Each structure stands twice: as structure tokens, then as C-alpha cells.
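For reference, the structure discussed in these notes is given below.
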Amino acid sequence: MNAPPRKLRLDEWDARHASLLVAGLREPTYGGVLSRHVGERGDTRLRHLLFDNSAAALRLWNFLLTEEDRLRGHRAAGRKLVGAMKDLGTVPVMAFALPDLVAFYPDGAWWTPCLMEHSDGLLAVADRLGIDDSFCPVRAMLGAFVTGSHFPIPELLVCSAGAVCDDFSAIAQRLEPLGFPVFWWEIPRRRSPEPGEPAVSLPGGLVAPECQIALTRRELGRVRLALEELAGCPLDDAALSASIRTANLVRRRLRELRDLVFTAIASPLPALELLIAEMLALHYCSDRDEALVVLDGLLGEVRARVASGRGVLSADAARVFWVNPVADLRAMNLLEECGARLCGTDFMFGHALMDIPEDLPPLEALARVALADPMIGPAQDRARLICAEMRRLGSEALLISRIPGASHCCREGDIIRQFVRENTGLPTLEIEVPPLSDALMPALRSRLLALVETVIGRRTL
Amino acid sequence: MGACPFAETFLQMAASAEASVFVTSCDQMRRAADQAALRNGVFLMNVPATWQAPAARQLYRREIERLGAFLVRLGGAHPSAEALAAELRSRAREAVPANCVAAEAGKLVPLALVGESLLPSHFSLHGFLESLGGRVALDATSHGERGQPVFSDETRIAEDPFAAMVDGYFDSVTDVFQRPNTRLYDWLRPRVAGRGIRGIVLWHYSWCDLWRAEANRLREEFPLPVLALDADDSLTPSMKTRLEVFLEILRP
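Quick mapping for you: the protein sequence lines, in order, are chains D and Z. Take the first sequence: its letter number 298 is residue 298 in this note's numbering, and every next letter is one higher. Here this note's numbering runs 1000 ahead of the position in the second sequence, where the first position is 1.
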């Protein structure tokens, strides 16, 4: 099973899968050839992607692409579904603490138009509801709710409000008159403490006023009551603490995986698989135990590759720090085709990768992590964290992937670029990636090639 | 990549001010505050989006107190409780603008203007609409009736003016960014019906997702023509043409 690491096309994976089976690969119930997702689910974008050739990556992809089945299985088994929206990492920790509750992010539907290359029609449904392409691609979620054909409609929708992006908030609000009530909770905009104001250190190194922590804690207390009502049983601190410990297991694995991938001489895992793996931090792809198994597999593969000095890319690839998730997964392949590799990421949920303090009352701990969200504070805070990570990892350039239509991107990108330039002197570039970027691919390629050329050129200075 | 003309104009004005006060009610203003913070003293007031839990009122109160401290640091003085109460009482006496009282209209078509505040460069809008045979009988922009707090509890004003300010905001001001935004529609419904509104102009700026997303909801809520106007930083010929056509359709 230990073939040299390389990237495969989808059709090449069929043969690879067969050889893995012959070699003794044992797969979970959701396993199988990757190409079946094209026929069974219409995930035609897979035909245009390049995949890592490891069994661990196969399991990751199959885990991701079968989530809808898993959610329907949970419902069939009598479990109740919680649609967590926007907070990216906090509410699921609470929901998974209760027996028979399963949380997931309907936000994830934003990749459906990409995976199905628009055959899903979700964006067209959103258009008809007045949410057109002036909004971020997460508007696909609206279509998914209305059609009911991509995930089962959750029994409870919980959405953070306040310091969240307007696109998402407006789209979630649009759900209510369509018959999907939302439980809203407030996340304040993080600010620096006033002189003399009691303050608390947050995971990740930021600081917030104590009163903001208290407010967030009280708001999470309201979420707790809503979850208890849905579950029909109390959510005690012991169960919540246990859920936090398990969440931290996932987060620690991801942090180790990221560090290995970003710092190895030759990148041991492609950018695309790393992006998918990071997403497991949010809601474990609806199965927390299995998410740990999937991550253990990836970690094992990556550790082995690093130990043997083998990677999927050339050791001289330009080391790029990537900011924001992309609506078109193909862009992650493109980065590598242009001679670059990931060396740091901020996919907008850095707080979901941080350890949740285990030595605090659980709601206090969750409130602190929720307030460490890079997106709810000043763009300068986010830029400062990015700079620190770039220095730690040895990144050679910053790439900001602007999200089409996202109202926060127009100023935020400029602020981050300026901050990074002034503090690191490194080159920065901004690109915009729509859900299907094929028409823009030549322009995107040219821009990325220019960035790589700049990085390589600087090495000789 | 564009920016909201309202936030952009505000940002430009803030650049020449000694200090500026932004609010967190939308992405564009939050990020504009980030940008302004690169240049000069900025106060960003955290206005909660939720309203249904006591925590939201507590947050708002803390923020107006913090704003007060900011203004004092700039050289202002702490107002006495009596002075603050007197200010609130004077606000309570202010009347609704005369042109918004009723749809006496006559031959003018009563319109509702719903959405974000106008910029100074848009102040000719009312006159322009009247020249076309329409009249704004309901000013539901953020600086219009909808955004005016009502301070009516004399006991509260006398005993705790800060609490009266909090009540005035939460009990009478409705906005599109509030979650849920049902109170906005609760506010609009009786006024649209009571003033005989015959058409709605939705005034939203480019990149204003919050208002733009309400266009279809307004159409679903009210059986009236709705013109969603993508406002630029001035009253452009294209905006004028759209308004002309809208009024041409509405006029008897």
C-alpha cells in the first residue's frame, strides 16, 4: 500500500483503489471508489481535481462526500439534528455533548455548486428568492433548505448574530419567513479593553474585556437551554467538559497535521486534502469518533512521509500562506500546479483549531474560544495573527482568496495585505475565486505564476 | 472590489475629524472603522443585533457608557442626570416630520422610502419625487421615523436616564440588522396600511447585503410595487430614470 506519494486524477484512483484492496485495504462502510460519487451524487467536479494517492486521503474524501447519507442515517436512528450556523466550531461542541443530538453546518452547502458544477441548481433557487450573485456563494445554503434535497432539515437552527458577516446573516434571516425558524445568539465584536478595564486572555494570544466574555457566556447559556429543550434532557457541565476534551483531540491532531504539512522540506500532503481535513474541526463531518479515525490515518501517512523525506511536491515550491477558503476546490490544485505549496492557512476559523481550555468552567471556556474568532474582531488582529504564523512557519508570500460578493472582503483584504507588507516585507497577492473558476483559470494561473516567480526571485537576492 | 458609498463617504468625513464614532451594525461600517483606525482616534460602538435577551440591553447600556467616557476623554464633560433627562424630554417632544404625518397626498402618490440613510448628496430626492408626482409619506430610512427613539417613560427618565436611553432604543428603533428582523416588519405594516402607501422605494447601497436581501421579503409582505434602488454616492441619471418610470407606473 506504500506507493510513493503523488497526485492522481479521478480515473487513476479507480485502479489505485483496486490495488489497495488487493493489498489488504479495509474500508469503513462509507468507503469505495471515489469515482462513484460522480454517478451517485453528481459530484462532477471531482473529474477535474487531483487527489493525494494515499489510503488515508481516500478515506478522508469518502468521509466528506458521504455526509448527507450520515445525516439521514442519524435521523433514521432517531437522533435530532442541529443546524449550527456561522459560529464555526462552538455550537457543535455543545450539541455533541448531548445524547442523540448531532450538529452540522448547513453553511457547508457553499461547496455544492462547485462539486456538482451547478447541476444542483441551488444558486438559481437563491436567485429566485432575491439572493443573487451579489452575495457570497454561501447563498447555496438557501437553495439547499428550500429544495430539501441536500441535507435533512434540522430540528433546530442556531445562528450567531452581531459581529458576523452580513451575507450570511442576511441569508439566514431570509430563511425565517420561508418557514425555517432560527435561534439567534449574540457574538459581540471583539475589542481591545479600555484602560483599566478588566480583561481576559483568549486562546491564541488575543485579549478581550471581561464583560464581553460574560456576555458571550450568557448567550451560550441560552443556546444550552435551546439544546436541552431539543434533547429533552439537561446538558450538565460534566458532559460539556467531556465534549470539550474530545473536541481538543480533534484540534490537536489537526494542529500537528498542519505543522507537519507546512514545515516539512517537501510538502507531504496536497493543499486540497489539507483544506478538507481542516474542515473536520468544525463539526467532525457529523461523526466525531470517525473524524478522529480519519485524522489519525492522515497523520500516520504524513508522519511516515516526513520521516522518509518524501512529499507530493518539489522541495523548492514557493511557500504560500493562504487566507480564506475557496469556493472552487480546483484552486487548491492550481496553486500547486503553479509551483507553490501551502505554508500556513487562515480559512476563517482559526479559533476552531485552538485548544478549548479544560481548566475552566465549560461555558467560560467556550466563550473565550468563540471570542477568539479571527473574523469577529478588527482586521488588524487577524493580520497580526497571520504575520506571527508566517514568521513561525517561514512563509514566503501571502495569498488572499477573496470571496465573491462577501461584504467583509472589500476592505479586510487591503488591511491585511498592508499590514503583512509593512511587518514582513513579503509579497502579497489577492485573487477572487468563484464556485466554478474554469473561465478565470488562465488569469488565475498567470497571477499565481507571477507570485511564485517573485518568491523564487527573492531567494537569490 | 467595491465598497458601500455610505460607508465610504463616512470614512472620508472621518478622515478630517479629530475623532469619529462608528457602529457595528453592518460589515461595511465595521471594516470602515478598521480602516479609520489606521489613521486617527476611532470609537466603534457595539450595537447588538439581538434584542430578545437581557444581555443585549446590558451590552447596549455598557456601550453608551463607554461612548460617554470616550467623549469625556475628548474634552467633554459628564452631563448631570438632570441635564441628560432634560435632553431626553426635549427629544420626546419632537414631532414626526410634517410630510410623513399622513397620506393627504391629494394628487401626489404616497410612497414609503425604506432602507439606509440618505447621504447629503441625496437630499434632493424628496423634491425630485414630488416633481414626479410622488411624495414620501413614510420615511423608513435609518435617519427617518424608524430610527428615532421614543423616550416616553417619565419615571424612567427621571430615575435613570441611561436606562431610558436603552429602553428608547430597544422599544422603538427597528432596523434591518436586528435578529430576527421581525420588528422591522411589525413597525412597517401598520404604517404602510395607515398612510395609504402605494409604492415602496427600497433604498440600499451597493454592497449592502442586509437591505438588498430584503427586497423580495418586502414584495412578499406588501402587495405593492417595490423599486429596489441600488444607490450610488449621488442621485445618478440612471437612478432618476428608474424613479421616473416607477412613478409613471404608479400615477393614476
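Every residue, glycine too, gets a C-beta built ideally from N, C-alpha and C. Every value quoted in this text rests on a predicted model; they were computed, and no experiment measured them.
- Burial check for residue 293/D: the Cβ neighbour count within 10 Å stays below 16, so the residue is exposed.
- Look at residue 1200/Z here: in three-state DSSP terms it is strand.
- In the DSSP assignment, residue 345/D forms a beta bridge with 322/D.
- Interface criterion met: the Cβ of residue 1024/Z is under 8 Å from a Cβ in chain D.
- Taking each of 200/D, 214/D and 217/D in turn and checking the Cα distance to residue 208/D, the smallest one comes out for 200/D.
- Annotation: the continuous beta strand (DSSP E) that includes residue 85/D extends over 80-85.
- Here DSSP, grouped into helix, strand and coil, assigns residue 1090/Z to helix.
- Separation of the CB atoms of residue 1060/Z and residue 1072/Z is rounded to 19 Å, and the pair is thereby denied contact status at 8 Å.
- With a 10 Å radius around the Cβ and a threshold of 16 neighbouring Cβ atoms, residue 1024/Z comes out buried.
- In the DSSP annotation of this structure, residue 407/D is not part of any beta strand (DSSP E), being labelled neither H nor E.
- Considering only 157/D, 348/D, 304/D and 12/D, the residue with the shortest C-alpha distance to residue 325/D is 348/D.
- Interface flag for residue 258/D against chain Z is unset, since no Cβ pair is found closer than 8 Å.
- Around the C-beta of residue 1200/Z, 16 or more other C-beta atoms lie within 10 Å, and the residue is accordingly described as buried.
- Identification of chain Z residues near residue 148/D by a Cβ-Cβ cut-off of 8 Å yields none; the smallest Cβ-Cβ distance measures about 20 Å.
- Counting the other Cβ atoms within 10 Å of the Cβ of residue 53/D gives 16 or more, which makes it buried.
- Boundaries of the beta strand (DSSP E) around residue 209/D: 207-209.
- Look at residue 211/D: its C-beta is under 8 Å from a C-beta on chain Z.
- Only buried fits residue 169/D, as 16 or more other CB atoms lie within 10 angstroms of its CB.
- Across the region 1215-1239 of chain Z, CB contacts with chain D closer than 7 Å involve 1215, 1216, 1217 and 1220, in sequence order along the chain.
- For residue 305/D, the CB contacts under 6 Å within the same chain, skipping 5 residues up- and downstream, are 5 and 268 in chain order.
- Scanning chain Z for C-beta atoms nearer than 7 Å to the C-beta of residue 129/D yields 1216, reported in chain order.
- Closest option to residue 1036/Z, judged by alpha-carbon separation, among 229/D, 442/D, 435/D and 379/D: 379/D.
- Residue 154/D is outside the set of residues whose beta carbon lies under 8 Å from a beta carbon in chain Z.
- Using a Cβ-Cβ cut-off of 8 Å, residue 1048/Z counts as an interface residue toward chain D, since at least one Cβ of chain D sits closer than that to its own.
- The beta-carbon distance between residue 165/D and residue 407/D, rounded to whole angstroms, is 6 Å. This is short enough to meet the 8 Å contact definition.
- From the beta-carbon of residue 125/D, no residue of chain Z is found nearer than 9 Å; the closest lies around 12 Å away.
- If the five residues before and after residue 377/D are omitted, its C-beta is found closer than 6 Å to the C-beta atoms of 190, all from its own chain and listed in chain order.
- Across the set 55/D, 29/D, 102/D and 180/D, the C-alpha of 102/D shows the shortest separation from the C-alpha of residue 77/D.
- Positions of the beta strand (DSSP E) runs, each at least 3 residues long and wholly inside the region 96-160 of chain D, are given as 101-104 in order along the chain.
- Straight-line measurement puts the Cα of residue 1055/Z at about 7 Å from the Cα of residue 219/D.
- DSSP, read as helix, strand or coil, puts residue 204/D in coil.
- Proximity to residue 317/D across 282/D, 451/D and 256/D peaks at 451/D, based on C-alpha coordinates.
- When secondary structure is reduced to three states using DSSP, residue 1246/Z falls in the helix class.
- Rounded to the nearest whole angstrom, the C-alpha separation of residue 19/D and residue 433/D is 36 Å.
- Residue 1240/Z sits in a helix when the DSSP states are folded into three classes.
- Annotation for residue 1135/Z: the continuous beta strand (DSSP E) segment containing it runs 1134-1141.
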